[in-house]
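FYI, the UniProt record's numbering numbers position 95 of the sequence shown as 95, with every residue one higher than the one before it. In this text, a Cβ means the ideal position worked out from N, Cα and C, and glycines have one as well. Here the structure is laid out as structure tokens; the discussion comes afterwards.
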Amino acid sequence: MWDMWPFQSLSKRLQIQGLRMQQLRVNLVVENNNVTFEIDTGLQHSVISKRLYSKLFSHIKLKNNDISLSDYVGNDIKPMGKIFVNSEYQNKKFTICLYVIDNVGPPFIGRNDIKKYKIVIKYQSWGVPVDHSEWATPIKPILKPDGTVRICGDFKITINPVLEGTEYLLPKIEHLYANISGSKYFSKIDLKDAYQQMVIKESDRKYTTINTHKGLFSYTRNPFGIKPSAREFQKAMETSTAVLRALAYFKMTLLHFQLETDHKPLIHIFGDKKGIPIYAANRLQQWAYVLSSFNFDIKYVKSEDNTVDFCHE
């Protein structure tokens with residue numbers, strides 16, 4: 001599917017736009033103070049702002065800075081210095097190094113201390129580890145309403161600015177209402193982690209690499225946050241659910257077939273006699289008329305037993 005997403009010139013200026021989202025945080029006790037850190041796996045060292053240093057840790061003398069930092073657009077960040085503090089997390093105590101930066105942002109805990117405290121972020125089976133990447137994207141852990149964590153790449157600052165968007169209009173609510181006008185039976189398909197039902201070509205997975213505290217991972221399935229994901233998924237959904245429309249292409253050769261589906265309303269719509277449903281919408285009656293020329297059966301199969309209901313690589 002990545003063939004549809006060509007790259008623009010890399011010399012194009014990256015325009016970084018803010019994105020509001022709920023971050024994954026961890027609470028540490030630092031020098032007897034409760035401090036909430038944001039987890040940033042793209043950052044090697046832990047950092048705090050000058051304001052937080054003045055408020056909680058001014059009694060600790062700053063030591064000379066020995067590192068240089070830069071953000072993902074190349075801006076240099078020079079820490080004012082560093083401090084060594086006593087910290088505690090889940091009854092584990094360590095001395096950690098915090099670099100003080102002259103800004104007003106939140107404190108961040110970097111990879112060094114994530115490993116030290118063995119803070120667990122679960123990575124699912126959608127990724128494979130890689131040794132290196134030119135497109136290493138930091139992650140944005142999103143806390144979902146059910147308490148689980150969704151690992152998203154912050155692609156707006158790496159790959160999205162150089163991707164060409166695929167023009168494919170998402171359906172408007174007015175069109176959806178028009179399509180179901182006069183219908184009697186309804187069903188909703190709600191796919192878990194829907195985008196990740198789609199497999200990415202192996203040659204294109206390098207562009208989706210994310211940088212985690214456990215190393216680099218490349219997505220094997222369509223990730224959240226890539227610019228054309230929504231449009232590409234909508235196109236795939238419309239294609240995969242257009243079972244009746246596809247029959248027109250096989251009408252000259254198709255003699256008999258069995259439709260296995262977990263979409264149970266199809267059985268009620270067409271019935272055992274497979275006649276033309278008089279109470280269905282006009283467009284369904286049209287395709288029922290097309291189907292009447294064929295010898296076919298409709299078989300309902302539960303999703304967990306339906307082998308054609310899953311995506312395969």
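- Between isoleucine 101 and asparagine 112, the C-beta spacing is not below 9 Å.
- Relative to the Cα of leucine 43, the nearest Cα in the group Tyr177, Met198, Glu88, Ile67 belongs to Ile67.
- Residue burial annotation: glycine 215 is exposed, with fewer than 16 other C-beta atoms found within 10 angstroms of its C-beta.
- By the neighbour-count criterion, in which 16 or more other beta carbons inside 10 Å mark a residue as buried, threonine 212 falls on the buried side.
- Asparagine 64 sits exposed, since fewer than 16 C-beta atoms from the chains shown fall within 10 Å of its C-beta.
- For the set Phe233, Thr209, Ile173, Ile226, the Cα lying nearest the Cα of methionine 198 is the one of Phe233.
- For lysine 82, the uninterrupted beta strand (DSSP E) segment begins and ends at 81-89.
- Comparing C-alpha distances from lysine 140 to each of Asp131, Glu164, Phe108 shows the shortest one belongs to Phe108.
- With at least 16 other beta carbons inside 10 angstroms of its own, threonine 137 counts as buried.
- The criterion of a C-beta distance shorter than 9 Å is satisfied by isoleucine 159 and threonine 208.
- If you check the CB distance, isoleucine 77 and serine 87 do not come in under 9 Å.
- Using a Cβ distance threshold of 9 Å, leucine 56 and lysine 82 do not count as a contacting pair.
- Every alpha helix (DSSP H) stretch that sits fully inside the stretch 26-60 and reaches 4 residues is listed by chain position as 50-56.
- Annotated three-state conformation of isoleucine 200 is coil, per DSSP.
- For valine 130, the enclosing beta strand (DSSP E) covers residues 127-130.
- Taking 9 Å as the cut-off, the Cβ atoms of tyrosine 89 and valine 29 count as close.
- According to the DSSP secondary-structure assignment, phenylalanine 217 is paired through a beta bridge with Pro129, Ile210.
- In the three-state reduction of the DSSP assignment, proline 265 falls in the helix class, which pools H, G and I.
- In this structure, serine 58 sits away from asparagine 103, with a CB-CB distance that is not shorter than 9 Å.
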